[in-house]
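S.K.: Can you keep this structure in mind? I'll have questions shortly.
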Amino acid sequence: MIEGEYLSNLDTNEIIIGKEIAGGYGGDMEHLSLGGLRTGETIDVLFNNGIKRSYRVKGIFDVNFIQSNLNAFISQQEMESVIGMKDKASQILIKTEDRGNEDKYIKQFLDIGIKEKINPWPVYSGIVKNIISSFDLIAMLISGIGLFVASVTIFIVVYMNTISKRRQIGILRAVGIEESVIINSYILQALFIVICGTGIGLLILLTVIKPFFVANPIEFPVGFVSLMIVPEKVSINIISLLTVALMAGFIPSWMAVRETIIEALWGD
Numbered sequence: 027m028i029e030g031e032y033l034s035n036l037d038t039n040e041i042i043i044g045k046e047i048a049g050g051y052g053g054d055m056e057h058l059s060l061g062g063l064r065t066g067e068t069i070d071v072l073f074n075n076g077i078k079r080s081y082r083v084k085g086i087f088d089v090n091f092i093q094s095n096l097n098a099f100i101s102q103q104e105m106e107s108v109i110g111m112k113d114k115a116s117q118i119l120i121k122t123e124d125r126g127n128e129d130k131y132i133k134q135f136l137d138i139g140i141k142e143k144i145n146p147w148p149v150y151s152g153i154v155k156n157i158i159s160s161f162d163l164i165a166m167l168i169s170g171i172g173l174f175v176a177s178v179t180i181f182i183v184v185y186m187n188t189i190s191k192r193r194q195i196g197i198l199r200a201v202g203i204e205e206s207v208i209i210n211s212y213i214l215q216a217l218f219i220v221i222c223g224t225g226i227g228l229l230i231l232l233t234v235i236k237p238f239f240v241a242n243p244i245e246f247p248v249g250f251v252s253l254m255i256v257p258e259k260v261s262i263n264i265i266s267l268l269t270v271a272l273m274a275g276f277i278p279s280w281m282a283v284r285e286t287i288i289e290a291l292w293g294d
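Residue 203 in the working numbering sits at position 177 of the sequence shown; the count goes up by one each step and never skips.
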C-alpha cells in the first residue's frame, strides 16, 4: 500500500484501487487515470449488472505490475451484496508453492473429478507471456553457452593431461595394460571432474545465489524478478554435461592409445 490502508472483512462502503487507476504516482497509464485520486475521496462504481454504488477510497496500492495496478478491490461481503449471491465464485485463483510445475497440479485436480476449466497462469498473462518467452530464450542461450564453455574446459583439461602423460601411457601399454582400461580411466577422470564441479556448483547455487535473489529480487518495469530453479531443467543440463564428459574423456585418450608404443615412449 502506497497510501491508506488495506480492506477489512467488514468494509462495505470502501474500496482500494491500483495506482494506474488513481493517477499521480508515476504510472504508465496516467492519461487514462482519474487524475490524482487520494484516499478519503469518493468514487462511483458501475457494475456489469447495472448496479451503481459510491465508495470511499481506503487505500491505493502498487505491486509494480501494470496489469494488477489497473484493478480495484472491494470486500467479499460487499461483492456478495452487489451480485446478490453468497458463497459463490466465478473464478478461483490458486497460488502454488513451487512455480513451473502448474501442469502437475492441474492433472491432480482433474484426477479428483473437477470438471471445470483449469488453465495455468501464462494463459491469462497477456503481454507477460511474451516477456516470459523472451526470458526463457535468454536462459536457454546462457545455458547453452555455459554448457559449451564447460565442455571445452573439460576437454582441454583432460586432453592436456593425456598428452603430458603419453610416455606413461606407452609404458602401461608396454607392460600389457589393455587400451580399454587406459581409455576408461580417462573417462572416469572426466566424469569425476564433472560430478565434483556439478556438486559444488549446485551447493553454491542453492545455499548462496538462490537465497540472495529471493531476498533481493531484481526490479523490472513489469515487476520484481527473482531466480527460479526448475529441477527438470537442471537435470537435463547435468545429463548433458555428463554426456560431454564421456566424450571429453574418450576422444583424447583414444587418440593417445592409437599411437604405437615406440612413438608414445619417445614422445615429441
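Cβ atoms here follow ideal geometry from the backbone N, Cα and C, with glycine treated the same way.
#1: From residue 104 to residue 146, what does the alpha carbon distance come to, in whole angstroms?
#2: Would you call residue 188 buried or exposed, if buried means 16 or more other Cβ atoms sit within 10 Å of its Cβ?
#3: In its own chain, which residues sit with a C-beta less than 7 Å from the C-beta of residue 209, not counting the 5 before and 5 after it?
#4: Going straight from the alpha carbon of residue 43 to that of residue 68, what length do you get?
#5: Can you find at least 3 beta carbon pairs, one from the stretch 199-207 and one from the stretch 158-166, that sit closer than 8 Å?
#6: When the Cα atoms are used, what is the spatial distance from residue 215 to residue 54?
#7: For the 8 Å Cβ check, are there 3 or more pairs between the stretch 46-64 and the stretch 81-94?
#8: Taking just the CA atoms, how far does residue 101 sit from residue 36?
#9: Evaluate contact between the stretch 175-184 and the stretch 241-256, counting only Cβ atoms and requiring at least three cross-stretch pairs below 8 Å.
#10: Is residue 86 helix, strand or coil by DSSP?
#11: Assuming residue 87 and residue 28 make a contact with CB atoms under 8 Å, what is their CB distance in whole Å?
#12: So residue 235 and residue 253 are supposed to be a Cβ contact under 8 Å. How far apart are they, rounded?
M.R.: From the atom records:
#1: 29 Å
#2: buried
#3: 276, 279, 280, 283
#4: 12 Å
#5: no
#6: 56 Å
#7: yes
#8: 7 Å
#9: no
#10: strand
#11: 7 Å
#12: 7 Å
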